[in-house]
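Undergrad:
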Amino acid sequence: MQGLTRQLGDYTQSMDKLHAHFAEPYPADWTVRQAVAAYLQENGFPLEDYDKPWVQINIWSLRFPFPNPPSRQLAVRFHDLHHVVTGYGTDPCGEAEISAWETRRGVRVFSWFVRSIVWSGFLFGMFHSPRRTLAAWKAGHGQASAGLQPVTMARYQELLDLDLGALRQIYGLPTGGIGGARALHSGAPSPRSAPES
Numbered sequence: 000m001q002g003l004t005r006q007l008g009d010y011t012q013s014m015d016k017l018h019a020h021f022a023e024p025y026p027a028d029w030t031v032r033q034a035v036a037a038y039l040q041e042n043g044f045p046l047e048d049y050d051k052p053w054v055q056i057n058i059w060s061l062r063f064p065f066p067n068p069p070s071r072q073l074a075v076r077f078h079d080l081h082h083v084v085t086g087y088g089t090d091p092c093g094e095a096e097i098s099a100w101e102t103r104r105g106v107r108v109f110s111w112f113v114r115s116i117v118w119s120g121f122l123f124g125m126f127h128s129p130r131r132t133l134a135a136w137k138a139g140h141g142q143a144s145a146g147l148q149p150v151t152m153a154r155y156q157e158l159l160d161l162d163l164g165a166l167r168q169i170y171g172l173p174t175g176g177i178g179g180a181r182a183l184h185s186g187a188p189s190p191r192s193a194p195e196s
């Protein structure tokens, strides 16, 4: 009986840890800057990684260096902003969903290197989680990049000052996003808390 109690306790702790890695969409009344800060914090993504020439990428339990040229440095900022706007997670299914959504919205403004990353995520999703990936692709229907041009660092900085609900409106999304509760990647450190303004 004591062994069963210990196993049950271990199971409960595992489930608590699992549930801690699911998060609700970011509130529409937060600024985009607050939401991006929370996204980076809850996923354990350092802000300074945006500008490094190489970054560490996690795919399941594999961790490896990945090139981060200037074209990706800009694109990954918008990619993270898309996670925040839609509510899609950073687990493998969530990354497939965001790749499908971005593919449908249009990625032609980015380099071939960036496009190949996005398309690879979409194709991965068609094998890994086809229903969710197709649903995200369908949800991406709309005016590609409406209100977001030009895709520049200056425009990105302007978008950070908007309320998240207003940015979702620009994207033609409901104010609560479209992803619902989302899972975080396996290396995410902790659940989200509201960042300072």
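Residues 0 to 196, numbered by numbering that gives the first Met the number 0, are exactly what the sequence shown covers, in order.
Think of the CB as a built atom: it goes at the ideal place given N, C-alpha and C, for glycine as much as any other residue.
Quick caveat, the model's predicted, so the values are computed rather than measured.
Using the rule of at least 16 other Cβ atoms within 10 Å of the residue's Cβ for burial, across every protein chain shown, is Ile58 buried or exposed?
TA: It counts as exposed.
Undergrad: Are at least three pairs of beta-carbons, each pair with one atom in the stretch 29-47 and one in the stretch 92-102, less than 8 Å apart?
TA: With a cut-off of 8 Å, the stretch 92-102 and the stretch 29-47 do not count as touching, because too few Cβ pairs lie within range.
Undergrad: Smallest Cα separation from Ala197: which of Arg114, Trp29, Asp28, Tyr38?
TA: Limits of the chain in this structure are 0 at one end and 196 at the other, which puts residue 197 out of reach.
Undergrad: Comparing alpha-carbon positions, which option in Asp79, Arg62, Ala74 lies nearest Tyr25?
TA: Nearest C-alpha to Tyr25: Asp79.
Undergrad: Using beta-carbon positions only, say whether Thr132 and Val117 come within less than 7 Å of one another.
TA: For Thr132 and Val117, no; Cβs fall outside 7 Å.
Undergrad: Could you give the distance in angstroms between the alpha-carbon of Ala153 and the alpha-carbon of Leu122?
TA: Those two C-alpha atoms are separated by around 31 Å.
Undergrad: What number of angstroms, rounded off, separates the C-alpha of Gly171 from the C-alpha of Ala99?
TA: Near 17 Å, if we compare the C-alpha coordinates of Ala99 and Gly171.
Undergrad: Measuring alpha carbon to alpha carbon, tell me which residue in Val75, Ser70, Thr89, Ala182 is nearest Trp111.
TA: The shortest Cα separation from Trp111 among Val75, Ser70, Thr89, Ala182 belongs to Ser70.
Undergrad: Nearest by alpha-carbon distance to Leu183: which of Thr30, Ser60, Pro91 is it?
TA: Nearest of Thr30, Ser60, Pro91 to Leu183, Cα basis: Pro91.
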